[in-house]
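For reference, the structure discussed in these notes is given below.
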Amino acid sequence: MNLFEAVLSLGLCLLLLKGLFPLWEQWRESSLEHKLASDMCRVVSAVQAYTQAHVTELYAEAEASSGPSWSSAEGLPEVFAPYLLHAHSGRNSLGWHYEWYLRKLPLGEATDDHALMLVVLCQAKTSLSQKMIRSAAGLLARQCQSLPVERYHELAGYLDDQGQLVSSSQRLDLQAYGIRGQEGSLGYVATLLGAEAWARAYGSDQLYRTAIAGMPQLNSMATDLDLDRHRLANVAALGLLPVSDQEPEDALAGQVFLRESEDGETLGLYYQQRQAGGLIRRKILDSSSPNLRGIFVVGHGQRLLKPECENAKAGIAVLPLGGRGSDTVESAYYEEDAVAWTIRLREKLASGLWQDAQAAKAQVLTFCVP
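First residue of the sequence shown? That's 157 in our numbering, and the numbers climb one at a time after it.
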């Protein structure tokens, strides 16, 4: 190859590269736009799932221009981690972090209900061309899936220099809701059903942590509750309803229940225990009893001091909570001296021998008897 042919070949290669470069640049921009949109959709999906799972408490905390908010500037908040299929650093491939906001919006003058507006921003740290950010916003609108509820408003777009979220069809002034973002950031907004409307439409079979106006059944259990040996803490009061006389006696074994006393005029608190000779019912308290002085969970051999009772006698009730199995404690009693009780729990082995139920626990109520 002579010099002329070499120069000609080089020129042809340069022309070819010049023609391919715009195609490569177009592919690079398209790839980045898809990455921005798909990464944000992952985060939006997790935030939506979290909002759905905690809608009543979030609704109660939100206001028109303030409310719950989060940022992933220092890493993804742990509350969202369970709703992501894969771990997420809290930033996208450009290093942009995410911010989440919840606001409460009135649905109109004819109702006191409100909608819950969810805003997710991907805060820009680097400048992209208007074409790229608009294209990424369009992909975001098509790829992100909404919560499975009726929605009044939803849009995806980008923030302009006025702090407005611009979509293909409208603008939303986020600053009116106390939300500020960087120009060029991606944004997603979904205005969801308010808590009351949500509950009426979708939550009639769920138990709610907070009260929903006019729907007390949402805070009421429809079945027995099994705590699986977990404790019930910080109870201010327990309201008991009397057990019906038609309730099978065997069904009450090992339970504390309220029933009419033998005189038929007062209510009594009873404990029904299964023993070798059958079922034994013990009265703990009735409505004529003086103040209850203490409730304890104790083990075999534990010593409890008697309460001070002026012009009355100290009383005690021992309710076994189980040993190796819930039915193994067949004898629960106490020994006493002038100042204290010692709790004794016994269980019967398969051989017929009795032994101390060292692993068992009992609930003990102390009170004063006139």
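Glycine included, every Cβ here is placed at the ideal spot set by N, Cα and C.
Can you round the beta-carbon distance between residue i and residue j to whole angstroms, since I take them to be within the 8 angstroms contact cut?
i       : j       : result
His-270 : Leu-261 : 6 angstroms
Ala-205 : Tyr-239 : 4 angstroms
Ile-128 : Gly-457 : The structure shown does not extend to residue 128, since the chain spans only 157 to 526, so no value can be given for it.
Leu-274 : Gly-337 : That belief does not hold up - the Cβ atoms of Leu-274 and Gly-337 are roughly 15 angstroms apart, past 8 angstroms.
Leu-330 : Leu-296 : No, Leu-330 and Leu-296 are not in contact; Cβ-Cβ is about 16 angstroms, not under 8 angstroms.
Leu-461 : Val-495 : 6 angstroms
Would you kindly work out how many angstroms separate the C-alpha atoms of residue i and residue j, rounded to a whole number?
i       : j       : result
Leu-284 : Ser-187 : 14 angstroms
Leu-328 : Val-199 : 21 angstroms
Ala-220 : Val-322 : 21 angstroms
Gln-511 : Ala-488 : 12 angstroms
Gly-251 : Asp-195 : 12 angstroms
His-386 : Leu-363 : 19 angstroms
Ala-346 : Ala-209 : 16 angstroms
Gly-479 : Gln-514 : Confidence at Gly-479 is low in this model, with a pLDDT of 41, below 50, so the placement of that residue should be treated as unreliable; the coordinate-derived value is given next. Whole-angstrom Cα-Cα distance: 8 angstroms.
Thr-528 : Glu-189 : Outside the shown range of the chain (157 to 526) lies residue 528, about which nothing can therefore be said.
Gly-481 : Glu-503 : With a pLDDT of only 41 at Gly-481, under 50, the local geometry of the prediction cannot be trusted, and the value read off the model is given with reservation. Roughly 10 angstroms separates the two Cα atoms.
Leu-272 : Arg-259 : 6 angstroms
Gly-508 : Pro-372 : 52 angstroms
Ala-292 : Ala-193 : 6 angstroms
Ser-245 : Gly-231 : 6 angstroms
Thr-366 : Cys-300 : 30 angstroms
Ile-335 : Trp-226 : 12 angstroms
Cys-524 : Glu-466 : 9 angstroms
Pro-446 : Leu-521 : Caution applies to Pro-446, whose pLDDT of 49 falls short of 50 and renders its modelled position unreliable; the value that the coordinates give is listed next. If you take the alpha carbons of Pro-446 and Leu-521, they lie about 13 angstroms apart.
Pro-463 : Arg-449 : 7 angstroms
Tyr-344 : Lys-517 : 55 angstroms
Ala-237 : Asn-248 : 16 angstroms
Gln-318 : Glu-339 : 8 angstroms
Leu-311 : Val-203 : 16 angstroms
Gln-279 : Ala-229 : 10 angstroms
Met-377 : Leu-383 : 13 angstroms
Gln-326 : Lys-287 : 18 angstroms
Lys-469 : Asn-375 : 41 angstroms
Ala-218 : Glu-185 : 38 angstroms
Glu-255 : Tyr-215 : 18 angstroms
Asp-380 : Leu-505 : 31 angstroms
Gly-294 : Asn-390 : 51 angstroms
Cys-501 : Ala-473 : Checking the displayed sequence, the identity of residue 501 turns out to be Leu instead of Cys. Distance between the alpha carbons of Leu-501 and Ala-473 is about 13 angstroms.
Leu-315 : Arg-290 : 10 angstroms
Leu-241 : Ser-201 : 10 angstroms
Val-305 : Arg-298 : Low local confidence applies: a pLDDT of 45 at Val-305 is under 50, so the model's placement there is unreliable, with the coordinate-based value given in what follows. Approximately 18 angstroms, taken between the alpha carbons.
Leu-475 : Gly-455 : 11 angstroms
Val-453 : Gln-519 : 4 angstroms
Gly-223 : Thr-207 : 13 angstroms
Lys-281 : Ser-324 : 23 angstroms
Gly-313 : Glu-234 : 27 angstroms
Lys-191 : Ala-332 : 30 angstroms
Asp-483 : Leu-388 : At Asp-483, the pLDDT of 45 sits below 50, so the modelled position is not reliable; the number obtained from the coordinates is stated separately. Looking at the two C-alpha atoms, the distance is approximately 22 angstroms.
Trp-497 : Ala-243 : 56 angstroms
Cys-197 : Ile-451 : 53 angstroms
Under DSSP, the alpha helix (DSSP H) around residue i begins and ends at which residues?
i       : result
Arg-298 : 286-299
Tyr-215 : 211-217
I'd like the span of the beta strand (DSSP E) that includes residue i, first residue to last.
i       : result
Thr-498 : 496-504
Ala-271 : 270-279
Pro-463 : Run containing Pro-463: none; DSSP gives neither H nor E here.
Gly-455 : 448-455
Gln-511 : 510-512
Ile-255 : Per the sequence presented here, residue 255 reads as Glu, with Ile not at that position. Counting along the chain, the beta strand (DSSP E) containing Glu-255 begins and ends at 253-262.
Ser-227 : 225-227
Per DSSP, residue i forms a beta bridge with which residues?
i       : result
Cys-197 : Per DSSP, none; premise fails for Cys-197.
Gln-204 : Gln-204 is not bridged to any residue.
Ser-487 : Arg-502
Leu-247 : Going by the sequence as given, residue 247 is Arg instead of Leu. Its beta-bridge partners are His-253.
Ala-312 : Tyr-344
Pro-492 : It should be noted that the sequence gives Glu, not Pro, for residue 492. Looking at the DSSP assignment, Glu-492 forms a beta bridge with Trp-497.
Unbroken beta strand (DSSP E) runs of length 3 or more, entirely within the segment 321-352: which are they? 327-329 and 342-348
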